[in-house]
Amino acid sequence: MSDTAHPPIVLLTDFGLQDGYVGVMKGVIAGIAPGVPVIDLSHEIPAQDIPSAAFLLETSWSYFPERSLFLAVVDPGVGSSRRGLGVRSHARFFIGPDNGILSGALDVDSEIRSIENAKLWLAEVSKTFHGRDIFAPVAAALAAGTPFEQIGPLISDPIRREAPPPTHTSAGLVGQIVYVDRFGNLVTNFPPELLRDGETWAALTPDGAEWPFRGTYADTAPGERCAVVGGFRRIELSINRGSAAQVSGLGIGSAVLLRATSQ
Amino acid sequence: MSDTAHPPIVLLTDFGLQDGYVGVMKGVIAGIAPGVPVIDLSHEIPAQDIPSAAFLLETSWSYFPERSLFLAVVDPGVGSSRRGLGVRSHARFFIGPDNGILSGALDVDSEIRSIENAKLWLAEVSKTFHGRDIFAPVAAALAAGTPFEQIGPLISDPIRREAPPPTHTSAGLVGQIVYVDRFGNLVTNFPPELLRDGETWAALTPDGAEWPFRGTYADTAPGERCAVVGGFRRIELSINRGSAAQVSGLGIGSAVLLRATSQ
Amino acid sequence: MSDTAHPPIVLLTDFGLQDGYVGVMKGVIAGIAPGVPVIDLSHEIPAQDIPSAAFLLETSWSYFPERSLFLAVVDPGVGSSRRGLGVRSHARFFIGPDNGILSGALDVDSEIRSIENAKLWLAEVSKTFHGRDIFAPVAAALAAGTPFEQIGPLISDPIRREAPPPTHTSAGLVGQIVYVDRFGNLVTNFPPELLRDGETWAALTPDGAEWPFRGTYADTAPGERCAVVGGFRRIELSINRGSAAQVSGLGIGSAVLLRATSQ
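Chains as they are written, first to last, in my numbering: chain A, 17 to 279; chain B, 17 to 279; chain C, 17 to 279.
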C-alpha cells in the first residue's frame with residue numbers, strides 16, 4: 017500500500033469481455049498513465065442501454081475515493097456529431113459521450129467540458145471505437161496530470177436522462193422500476209429514506225401483485241415476493257430464489273405504488 | 017515491479033460482473049487501502065452455492081503469495097444473525113461469512129475471529145450487501161496495516177462444510193463429485209497421490225460408465241470418456257470436447273468409485 | 017502514477033472466468049513479480065479456438081505500451097509434446113504454446129525461443145494446466161528481470177497460422193471472415209487502407225447479400241446491412257441492432273468480395 021497511490025480509473029461499458037475491446041482500452045491507459053489502477057464497474061450493460069449504465073454510475077460513484085475518474089462508454093451515436101463530455105463533479109471526474117450516461121454525476125456545481133482537444137487523443141481516431149481512441153486517452157491524460165480545462169471548452173447544455181423522482185398521490189407514493197439486475201430483481205427509484213419507522217410498507221405493481229417489505233432476503237421463504245432495500249440503496253422487488261422480472265413480466269419503466277399498510 | 021508491493025486482496029463471490037457489485041467493493045477497498053492490488057478468483061459461483069465457492073478457495077489459496085488476503089462472499093444469510101469471520105491460516109488471511117465458505121482454509125493452527133468491530137466498517141451498513149459494507153472494509157483495513165486482533169474476538173466454533181474424504185472399500189476407493197466446471201467436467205475429491213505408479217486405474221460412476229485414466233486431454237479422442245488429473249489437482253471425469261455432466265447426468269454429491277483395473 | 021511503473025502482463029485465454037483458473041495464474045504472477053500490473057485481454061475465447069485468439073492478439077498488441085508481455089494460452093495440446101514459445105517482437109514479449117496462437121506477433125526480426133528452462137517453472141508441473149505451471153511463471157520471471165535468453169534455446173520453425181491476405185481478382189478483392197464478435201459482426205481480413213477515397217464500396221457474400229460501406233453504425237437504420245471499419249481496424253459486416261452471423265449464416269472462413277460500385 018502506498019499513500020501516494022493514484023485514485024483509480026473506473027470503467028463502465030457495454031462492450032462485454034469477450035472481444036478484447038476493454039483490454040485494449042486498458043492498454044491505451046497503461047501507455048499514457050502507467051501505474052494508475054483501473055477498476056471495472058461493469059462491461060455487461062445490455063447493448064446500447066444508456067439508462068441502465070446511467071443508473072449504475074449514479075448509484076456507485078460515491079463508493080469510490082475522491083479524485084477517482086469514471087470512464088463510461090455506452091455509445092450508440094459513436095462516429096456521429098454527438099459530443100464527448102468531461103465532468104468535474106462531487107470531487108471526481110467523469111468522461112463519456114453526451115447522451116445522458118453521465119446524468120447521475122451532474123449537480124448544480126458541476127464543471128462540464130466538451131472533449132475537443134485532439135492533441136490528447138490517439139493519433140488515428142476511428143469512427144466506431146471512441147472508447148479506445150478518444151475517451152481512454154483523455155481519461156489517462158487527466159490521471160497523468162493534464163489540467164482538466166485542457167480537454168476542451170466549457171458547456172452548459174449536456175443531455176440529461178433522469179427518471180422522474182417518486183411522486184406523492186392519494187393512493188401512496190408512485191415510482192417506477194429503473195433497473196433490472198441479473199437475478200431479475202426489479203430495482204425502483206424509491207430511496208430507503210421513504211420508509212418511516214413504525215409503519216408497515218408494501219409495494220404494489222400493475223400486475224396486481226403485492227410485495228410486502230422485509231428487512232432482508234433471509235426473512236422470506238423460497239418463491240415468496242418481497243420488497244427490500246437492496247445493494248443499490250433503492251427499494252427493490254424480489255422473489256426469493258426466483259426472478260421477479262420473469263414472474264411478474266415487469267421491467268424498466270413499470271410503475272410501482274408504495275404505501276403504508278398499517279401503523 | 018517493486019519489492020515492497022503489497023500482497024493482493026483476492027475476491028471470490030457469486031455476485032456476477034454485470035451489476036457493478038464487485039466494482040463497488042473494489043472502490044471501497046481503493047479508498048481504504050490505495051495501491052493494494054486486487055485479484056478476481058471468481059465472481060461466477062452459482063448463486064448461493066457455498067460448496068462450490070469453498071472448493072475453489074480450498075484448491076486455490078496455495079498458489080497465491082504469503083500474506084495474501086482472501087475475501088469470499090457467498091452469503092445467503094446476509095442481514096440475519098450469522099457471524100462474519102476473519103481467519104489467519106497458512107500465512108494468509110481469509111474473510112467471509114460464517115457459513116462454511118472458509119472451511120478449506122481452516123487448519124489446526126488457524127486463528128479465527130468474529131468480525132465485530134464496527135469502527136472498521138462503512139458508516140452505513142445495509143442488510144443486504146455486507147460484502148461492500150463490512151467485509152471489503154475489514155479486508156482493506158487489514159491490508160492497510162490494522163492488526164488482525166482488532167477485527168473482533170477469538171472464536172473456536174466456525175461452521176465447517178467439508179466433503180468427507182475418500183474411503184477405502186473392498187470394491188475400491190469411494191469418493192464423490194465436489195465441483196462441476198463450466199465445461200461440464202466432473203471434479204472429484206480424489207487427490208492425484210492416490211494413483212500409484214505401475215497400476216492402471218479407472219473411475220466408475222452410478223450410471224454404469226467407466227472412465228479410464230489418461231495422462232492428458234490430448235490422449236483421448238473427441239467424445240471419449242476419461243479421468244485425468246485436472247487443474248484443481250483432483251481427479252476429474254471428462255469427455256473430450258463434450259460435457260461429462262450433461263452426458264452422464266451426474267453432479268455434485270454423486271458417488272465415484274476408483275479402482276485399479278490391472279497391474 | 018509512477019514513471020517507474022512496470023509495463024503490464026496481458027492475459028489471453030479460453031479459460032473463462034467462472035472456475036478460478038485465471039485468478040490462480042494471477043496468484044502465481046503476484047508471487048514471482050509483485051507489483052506488475054496484469055490486464056485481461058479476453059478469457060472468453062471459444063474453447064480451443066486458436067484462430068480467434070490469434071486474431072485478437074494480432075489486432076491488439078500495438079495498443080499496449082512497449083515492453084508489455086503477452087501471455088496467450090489456448091492450448092488443446094497441453095501435456096503432449098508441443099513446445100512452449102517465448103517471442104521478442106515489436107519491442108514486446110509474447111509467451112504461449114507453439115500452436116499458431118502467436119502468429120500475429122511474429123515478424124522477420126522476431127527472436128523466438130523454446131521454453132525449456134524448468135528452473136523458471138513451478139516446482140510441480142501438471143499435464144493439464146501449463147498456463148499456471150509453466151507459462152505464467154515464465155512470464156512473471158521475465159517481468160521480474162530474468163534475461164529473455166534464459167527461458168530456453170533459439171528456434172526458427174514456430175507453427176504459423178495465418179489467414180491468407182486478400183487477393184486481387186477481376187471481380188474485385190477476395191478476402192474472408194476471420195473473426196465473429198459477440199454481437200455477430202463478421203470481421204474480415206480487409207484492412208481499411210483498401211478503401212480508396214472517392215470511390216463507393218460494397219462487400220458481397222456467398223449468400224448473395226450486398227453490404228454497402230458506411231462510415232459508422234449511426235449511419236444505418238435498424239436491421240440494415242452495412243460494412244464498416246470496426247474496432248479491430250478491419251472491414252466488418254454488420255447488421256444494425258442485429259446479428260450478421262445469424263442472419264447470413266456466414267462464419268469464420270466464409271469468402272467476402274469487396275468491390276468499388278461506382279466512382
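Backbone N, C-alpha and C define an ideal beta-carbon position, used for all residues, glycine too.
Predicted model, so just to flag it, every value in this text is computed and none were measured.
Assignment of beta-bridge partners to residue 185 of chain C by DSSP yields C:188. Pairing residue 254 of chain C with residue 201 of chain C gives a Cβ-Cβ distance under 8 Å. For the stretch 220–231 of chain A, no residue has a beta-carbon sitting nearer than 7 Å to a beta-carbon of chain C. Taking a beta-carbon distance threshold of 8 Å, residue 58 of chain B counts as an interface residue toward chain C. Taken atom to atom, the span from the alpha-carbon of residue 81 of chain B to that of residue 36 of chain A is near 28 Å.
Under the three-state reduction of DSSP output, residue 45 of chain C falls in the helix class.
Judged by their CB atoms, residue 208 of chain C and residue 251 of chain C are nearer to each other than the 8 Å cut-off.
CA-CA distance, residue 55 of chain B to residue 43 of chain B, rounds to 13 Å. For residue 166 of chain A, there are no neighbours in chain C by C-beta distance under 9 Å, as the nearest C-beta there is about 17 Å away. Within the model, the alpha-carbon separation for residue 50 of chain C versus residue 261 of chain B is close to 38 Å.
For the pair residue 95 of chain C and residue 115 of chain C, the CB atoms are not nearer than the 8 Å cut-off. Contact annotation: in the stretch 35–56 of chain B, residues whose CB is within less than 9 Å of a CB in chain C are 53, 55 and 56. Secondary structure at residue 51 of chain A: coil, using DSSP grouped into helix, strand and coil.
Residues are counted here when their Cβ sits less than 9 Å from a Cβ of chain B; for the stretch 110–136 of chain C the count is zero. Proximity of chain B to residue 98 of chain A at the Cβ level (cut-off 7 Å) is not reached, the minimal Cβ distance being about 24 Å.
The C-beta of residue 63 of chain C comes closer than 8 Å to at least one C-beta of chain B. The criterion of a C-beta distance shorter than 8 Å is satisfied by residue 23 of chain A and residue 85 of chain A.
When DSSP states are grouped into helix, strand and coil, residue 100 of chain C belongs to the strand group. In the DSSP assignment, residue 226 of chain B falls within the beta strand (DSSP E) that extends over 226–228.
Taking all protein chains shown into account, residue 124 of chain B has fewer than 16 neighbouring C-beta atoms within 10 Å of its C-beta and is therefore exposed. Within the stretch 245–277 of chain A, contact with chain B at the beta-carbon level (separation under 8 Å) is assigned to 245, 246, 247, 249 and 257.
Judged by DSSP in its simplified three-state form, residue 193 of chain C adopts strand.
The beta-carbon of residue 189 of chain B is placed no less than 8 Å from the nearest beta-carbon of chain C. In chain A, no part has a C-beta under 8 Å from the C-beta of residue 198 of chain B; the shortest such distance is about 14 Å. C-alpha of residue 106 of chain A to C-alpha of residue 256 of chain C: approximately 37 Å in a straight line.
Residue 86 of chain A has a beta carbon lying at 8 Å or more from every beta carbon in chain B. The stretch 163–171 of chain A and the stretch 61–68 of chain A do not touch, with fewer than 3 CB-CB distances between them shorter than 8 Å. Residue 56 of chain B is bridged by DSSP to B:27. Residue-level contact by beta carbon fails for residue 138 of chain C and chain A, as no gap is shorter than 8 Å. When the five nearest sequence neighbours on each side are left out, the beta carbons in the same chain lying within less than 8 Å of the beta carbon of residue 225 of chain A are those of 241 and 264, in order along the chain. Under the DSSP assignment, residue 109 of chain B falls in the beta strand (DSSP E) whose first and last residues are 108–113.
In the three-state scheme derived from DSSP, where H, G and I count as helix and E and B as strand, residue 94 of chain A is classed as coil. Here residue 268 of chain C is near residue 196 of chain C, since their CB atoms are less than 8 Å apart. Note on geometry: alpha-carbon atoms of residue 48 of chain A and residue 137 of chain A lie some 11 Å from one another. Boundaries of the alpha helix (DSSP H) harbouring residue 74 of chain B: 66–76, taken from the DSSP string.
The shortest C-alpha to C-alpha distance from residue 90 of chain C to any of C:104, C:109 and C:66 is the one to C:66.
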